[in-house]
Every structure is written in C-alpha cells, then in structure tokens.
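Working notes, structure below.
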Amino acid sequence: MENFLLRAFGADRPGIVYRITNELAKLEANLSDSTMTDLEGQFVIMLSFTCAAGVSSNFIEAKLKDGLSDLSLNIEVSSIEFHDRVLFSDDESKRVSIRVYGADRPGIVAGFTKVLYDFGINITDLKTSITGSESSPNYFLLIVADTPNDVDTVLLENELKTASTTLGVHMSLDVIAPDTI
Amino acid sequence: MTVRAVVVAPSNVLSTPARKVLDYDDSVLQKVRDLIDTMVESPGCVGLASVQLGLSDQIFVVDVSKHKKTDICHGLIVAINPVIIHQSDPHKVREGCLSVPDFTGSILRYGEISIKAFDVTGCEFTISTNAFEAQAIQHEIDHLNGKVFLDRVLDVADVYPRKRYL
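Given below as structure tokens:
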C-alpha cells in the first residue's frame, strides 16, 4: 500500500466532505487521520489515506480534480511516509489544556508556544478563532499538549502567565488526567 | 477465582443493551463473582459491567475505595438492573476504559446521582453518591445500555489517542 496526504480547500458549502471521500472511495482509498474545519469561510481538509501500490499521487490528484471540478476546490495530493504517532502513556506524560483569550494582536500563538517549546512539551492539537468586530477583534487559542511527567506544571503555568501578562491576554491551564474505569 | 477475558471495542456485545435479570439464581451469583475477580485482577480497573465479559445481563460491579478522586464511597457495589433515579448537573470529565484501551475522551457526567438497583438476592436498594463513584457507576450503566464513553464524545477535540490502557 502507498500512503498519501491530501490537502484541499474551497468556499464552504454542503457536500464537500462527501464528494471528496466518495471520489477516494472510487479509488478504493482507505482513509486514516484527518482534520477538516472551516477557516474564514473556506472549508479546509487535511486527510491521510492509503491506496493500492502503483497508484501515484499525480493520478489521484487528477482524478479528484476531474471529478470535483464543479466545487472549485484547491486540491493537492502528496505521497508521504507515515510515522508512528508520538504517544505517551499515563506514567510518561500528562496532557495539559491551555486556553488563551483576549484582544487580538500579533504574536499570541508564538508567545505561548515558545514557552511550551522551551519546556520540551509536544503540542498534539491547537485551535484558534477570531471573533468580535473588525475594530475590536478578540482572539481565542486552545492548545492541547503532552507534557513529560518531569515537567513542573506549576512552573509551566507561571511561565505561561508571564507570557499572558506580556501579551495582555487571559490564560488558564488544566491538567487533563484521565479517570480510568 | 475466575478471571475472564475483557471484551475490547469494537464488539457487538458492547453496543447491545443488556437484558434485565429476572431470576436471581446461582448463575447470577457466579457472574457477579466473575465480574469481581476480573475487576480485582485487572490493573487500574475500578468497575466492570457484564457486557465487558461478553455477558448480556444487567449487572455491574464498582469499587473506587482506593481512588484519589473518591469522595462518598460505598466500597464494593454489586448492582443488578440499575437505574439512575436522580442526577445533578453534568460536568466534564476525562475517562478511559478497559474495553476501549486506545483512547481516552472528555465527556459529560453527573456530579451526583442516586440509583435504584437489586442485590444478588433480588432485594432492592438505593445508593446516593458523588464524585468518582458517581462517575464510575454512570460509566457502568452506560455499558449496560450498550454505550462506551466514545458514544458520549461531543467534540473533535475531546477524544485522545492513547499509547496503552495504563
């Protein structure tokens, strides 16, 4: 089997996911991980999948573009190598959830992710949204990250608070410990 | 002691509601023993529903007495045909499950509940509890209704791949 990554985006409308995945199903592609969301009215898809050996990314991309031409999507398909997901067990790391909100300004994401980088923390999910009026935009940032157990979360929280003060935004952090039943 | 294999999702038995127990005979007692033995021998396990052993009876066992998040604790609970009769407001918790070893998920659970159930002799009892014991009981009643925690995840950001069960 060959591994592929599809990146696609276009003006949001009903049916985009169905049409793309249906074209892939015709090629007997097997979908694996994906992220699909609305960014500023553009529906954006990042999707990994496998296909029979011998099928090229150019062939798949051409098939998709041909079958979906009425949707006016930007579509790119690349051949990629799948890597093992970076996962930790509960005794190796704890997951933290960091919420940031406040008046929008440049550097918010960089300011907080630098702190995480300095602590050696691996981000697993990150989402940002901008709301409010054009003259008074508000920014929301959600980061979910795997934090090695030897990281002092009190120290981490203090450093993130320093970043939030510098950036003039509000920040809160929770350690998300799963309750295994 | 009989430690039975725990069914892992996806499995039809996990997604099929269990049947009410009608006869409180020796077979029920044996199933309860198997549930307790398997729960005790499974690392980190604080509750087990019959469907997790491939059985289709409305029986669960819970014991959260050693868990740090426990507040009210009734020790070992054996509940047959359990029903939630009172619940408080829900709040978000993150759960993992022996039958869903590859994921954890953030879901809503009631902070306080009361349940009505029957013991192994068929006598009705009620339990009112909170915190982790309430969460574990809701988790097991979900199993008896054919649901695992993944069925309660509401947001794409609320499910997390996991390296291993513990």
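Chains as they are written, first to last, in the working numbering: chain A, 2 to 182; chain B, 4 to 169. Every residue gets a Cβ at the ideal spot worked out from N, C-alpha and C, and that includes glycine.
Inter-residue Cα distance where the pair is residue i and residue j
{"i": "ILE109(A)", "j": "GLU135(A)", "result": "18 Å"}
{"i": "ASP180(A)", "j": "ARG97(B)", "result": "6 Å"}
{"i": "ILE88(B)", "j": "HIS84(A)", "result": "48 Å"}
{"i": "LEU117(A)", "j": "VAL155(A)", "result": "13 Å"}
{"i": "HIS77(B)", "j": "PRO20(B)", "result": "26 Å"}
{"i": "GLU44(B)", "j": "ARG7(B)", "result": "10 Å"}
{"i": "MET2(A)", "j": "VAL65(B)", "result": "45 Å"}
{"i": "LEU17(B)", "j": "GLY11(A)", "result": "40 Å"}
{"i": "LEU111(B)", "j": "ASP67(A)", "result": "44 Å"}
{"i": "HIS94(B)", "j": "PHE63(B)", "result": "23 Å"}
{"i": "ASP105(B)", "j": "ASN150(A)", "result": "20 Å"}
{"i": "HIS171(A)", "j": "SER165(A)", "result": "6 Å"}
{"i": "ARG14(A)", "j": "GLU158(A)", "result": "41 Å"}
{"i": "SER171(B)", "j": "ALA134(B)", "result": "Residue 171(B) is absent from the model: chain B starts at 4 and stops at 169."}
{"i": "ARG106(A)", "j": "LEU168(A)", "result": "8 Å"}
{"i": "VAL86(B)", "j": "ILE177(A)", "result": "29 Å"}
{"i": "ILE130(B)", "j": "SER117(B)", "result": "5 Å"}
{"i": "MET42(B)", "j": "VAL151(B)", "result": "17 Å"}
{"i": "ARG22(B)", "j": "LEU147(B)", "result": "8 Å"}
{"i": "CYS100(B)", "j": "VAL45(A)", "result": "33 Å"}
{"i": "GLY133(A)", "j": "ARG20(A)", "result": "33 Å"}
Proximity test, Cβ basis, 8 Å: residue i and chain A
{"i": "GLN55(B)", "result": "no"}
{"i": "GLY149(B)", "result": "no"}
{"i": "ALA139(B)", "result": "yes"}
{"i": "CYS100(B)", "result": "yes"}
{"i": "VAL43(B)", "result": "no"}
{"i": "THR5(B)", "result": "no"}
{"i": "ARG63(B)", "result": "It is Phe, not Arg, that sits at residue 63(B) in the sequence shown. No, its Cβ sits nowhere closer than 8 Å to a Cβ of chain A."}
{"i": "VAL49(B)", "result": "yes"}
{"i": "HIS142(B)", "result": "yes"}
{"i": "THR107(B)", "result": "yes"}
{"i": "PHE135(B)", "result": "yes"}
Residue-level contact to chain B via CB, residue i, 8 Å cutoff
{"i": "ASP180(A)", "result": "yes"}
{"i": "ARG96(A)", "result": "yes"}
{"i": "ASP119(A)", "result": "no"}
{"i": "LEU32(A)", "result": "no"}
{"i": "ASP13(A)", "result": "no"}
{"i": "ASP39(A)", "result": "no"}
{"i": "SER128(A)", "result": "First, the amino acid is wrong: residue 128(A) is Lys here, not Ser. Taking Cβ atoms only, chain B reaches closer than 8 Å to LYS128(A), which makes this a yes."}
Beta-carbon neighbours of residue i, restricted to chain B and to distances below 9 Å
{"i": "LEU143(A)", "result": "ALA160"}
Proximal residues of chain B, C-beta to C-beta of residue i below 8 Å
{"i": "ARG86(A)", "result": "PRO164"}
Interface partners of residue i on chain A, CB under 9 Å
{"i": "ARG97(B)", "result": "ARG96, ILE177, ALA178, PRO179, ASP180"}
Chain-ordered chain A contacts of residue i [CB-CB under 8 Å]
{"i": "LYS72(B)", "result": "ASP180"}
{"i": "PHE121(B)", "result": "Within chain A, no residue comes near PHE121(B); the closest Cβ sits about 22 Å away, beyond 8 Å."}
(request) Mind listing, in chain order, the continuous alpha helix (DSSP H) runs of no fewer than 4 residues lying wholly within the region 31–101 of chain B? (result) none
(message) I'd like the ranges of any beta strand (DSSP E) spanning at least 3 consecutive residues and lying wholly in the region 94–157 of chain B.
(response) 103–113, 115–121, 127–133
(request) Decide if the region 44–60 of chain A is in contact with the region 28–36 of chain A; the criterion is three or more beta carbon pairs, one per stretch, under 8 Å apart. (result) yes
(message) Taking 8 Å as the cut-off, does the region 67–78 of chain A touch the region 130–144 of chain B (at least 3 CB pairs, one atom from each stretch)?
(response) no
(request) Flag this pair as touching only if the region 132–151 of chain A and the region 96–105 of chain A have three or more C-beta atom pairs under 8 Å; answer yes or no. (result) yes
(request) Mind the definition here: the region 48–56 of chain B touches the region 28–38 of chain B only if three or more C-beta pairs lie below 8 Å; say whether that holds. (result) yes
(request) Would you mind listing the alpha helix (DSSP H) stretches within the region 69–132 of chain A that are 4+ residues and don't spill past its ends, in chain order? (result) 109–119
(request) Jot down the residue ranges of each uninterrupted beta strand (DSSP E) in the region 22–50 of chain A, minimum 3 residues, whole runs only, in chain order. (result) 31–40
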